[in-house]
Amino acid sequence: MLPALIKKELLALARDMHGLAALFLMPMIFIVLMSLTLKDIYRPPLAELSYAVDMRDTETPAQWLRQIWQRGHGAPQALDADWQAQLRSGALKYVIVLEPGLSAELESAALSTKAHIRLLAEPGIDANLFNALRAELVGASGELKARLALAVPGTSGPPPGASIQALVNAERYSTAGPRPTSVQQNVPAWLVFGMFFVVASLSSLFVQERSSGALGRLRSLGVSRFMLLMSKALPYLGVNALQAVLMLAAGIWLMPLIGGDALSLAGIHWGALVLALGAVSLAAVSLSLALACLVRSHAQAATVGPMVNVLMAAAGGIMVPKFVMPGFMQRLVEVSPMNWGLEALLTVLLRGGGVADTLPQVGRLVVFAAAMFLFAVFLFRRPAS
13 MLPALIKKEL LALARDMHGL AALFLMPMIF IVLMSLTLKD IYRPPLAELS
63 YAVDMRDTET PAQWLRQIWQ RGHGAPQALD ADWQAQLRSG ALKYVIVLEP
113 GLSAELESAA LSTKAHIRLL AEPGIDANLF NALRAELVGA SGELKARLAL
163 AVPGTSGPPP GASIQALVNA ERYSTAGPRP TSVQQNVPAW LVFGMFFVVA
213 SLSSLFVQER SSGALGRLRS LGVSRFMLLM SKALPYLGVN ALQAVLMLAA
263 GIWLMPLIGG DALSLAGIHW GALVLALGAV SLAAVSLSLA LACLVRSHAQ
313 AATVGPMVNV LMAAAGGIMV PKFVMPGFMQ RLVEVSPMNW GLEALLTVLL
363 RGGGVADTLP QVGRLVVFAA AMFLFAVFLF RRPAS
């Protein structure tokens, strides 16, 4: 009986080609758009920003600082008389003003108590870019001040390749090795979102069969509620599997073709990846079944399911990264099934985790899936109004 019911469900899915297309294309479009949009967040284009330097101090140390900056950012634009208007309009992204007395301050052995370098940025510059520019400018001036302090007459001074920055080696520690990019972060997020979005298709078909009397006739033939729900769950587990394959393939092969970074699966634990995806799929389909049994009309099916999905994504770290949220929201995110799935996938794809590392999130997802499935069985007893 179960194979026949599954075949019936697959035929119903095949007739809804628009719904199937949305299930596969919607998360792929999100991955492409968000990855390309957020590409520079993970690799700020500091060297590509147009800038100028206002040399109000023309002594040698100030000239050296300009040369240091120019090596990393290219030649500055000529400073026109209306540079302030250009800065306000965005024609110039930033201007570095080297105030009088800067050279003496750089040569002084004492720490600075007054600003002699001003970084003026255009009003619309991204906050991350502005902070990165400021940090780099502080580092460059500090490096030059240290070199001048070490240049004691009669000594050889530091070698050409020496640098204070060489004291610190900063890297993201991972046993697997893929560097964090917008693709590496967005593919797991929107994959989880897309897998949970099956609620819209499943709910619509469920309401249609209930209103047509098909479910009632099957129940009168002795088909159990458990078997009916399983016959609906298994095809959608297959849909989720196809979604996962297509989304990962888009990250690996499609993104490089359109100018994005490629998704790296080098060195990942494949068993952990399959386990995490399976747990996310179970949670998504079980929640979809519960909502399908809860709604009573096509209008409810078309609004309640997608609304719950979007709210879970917003509060689960999918649409807004967890680290930018306030403290109470970060605690709220930790009880979201979408966040459990996202953390499990990030553990595998970014942190090089194995099966044991994903078990806390996978366990929560499996418990959630079981609870939602039992809730769906309970709701299925209610007669349609």
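Here the sequence shown stands for residues 13 to 397, where the numbers follow the working numbering. Note that CB positions come from ideal geometry on N, CA and C, so glycine has one too. Just so we're clear, the structure is a prediction, and the values are computed from it rather than from any experiment.
When C-alpha distances from ALA296 are compared across SER215, ARG222 and VAL307, the shortest belongs to SER215. Looking at the DSSP output, ASP369 sits in no beta bridge, so it has no partner there. Taking 8 angstroms as the cut-off, the beta carbon of SER293 is found closer than this to the beta carbon of ASN252. For the region 104 to 152, the continuous beta strand (DSSP E) assignments of 3+ residues that do not extend past its boundaries occur at 106 to 110 and 129 to 133, in sequence order. A distance below 7 angstroms between beta-carbons, with the five flanking residues on each side excluded, links LEU160 to the following residues of its chain, in chain order: PRO73, LEU118 and GLU119. Taken in chain order, the complete alpha helix (DSSP H) segments of 4 residues or longer contained in the region 243 to 324 are 282 to 306.
Between MET46 and TRP202, the CB-CB gap stays under 8 angstroms. Contact annotation: GLY272 and MET38 have beta-carbon atoms that are not nearer than 8 angstroms. In the structure shown, ALA64 adopts extended strand secondary structure according to DSSP, grouped into three states.
For VAL235, there is no enclosing alpha helix (DSSP H), since its DSSP letter is neither H nor E.
The C-beta distance from GLY364 to GLY279 rounds to 6 angstroms, short enough to meet the 8 angstroms contact threshold.
Within its own chain, the residues whose Cβ lies closer than 7 angstroms to the Cβ of LEU249, once the five positions on either side in sequence are excluded, are SER293 and VAL297, listed in chain order.
Around the beta carbon of SER348, 16 or more other beta carbons lie within 10 angstroms, which makes this residue buried. Here the alpha carbon of VAL345 sits roughly 20 angstroms from the alpha carbon of VAL360. Annotation for SER348: no alpha helix (DSSP H) segment contains it, and DSSP assigns it neither H nor E.
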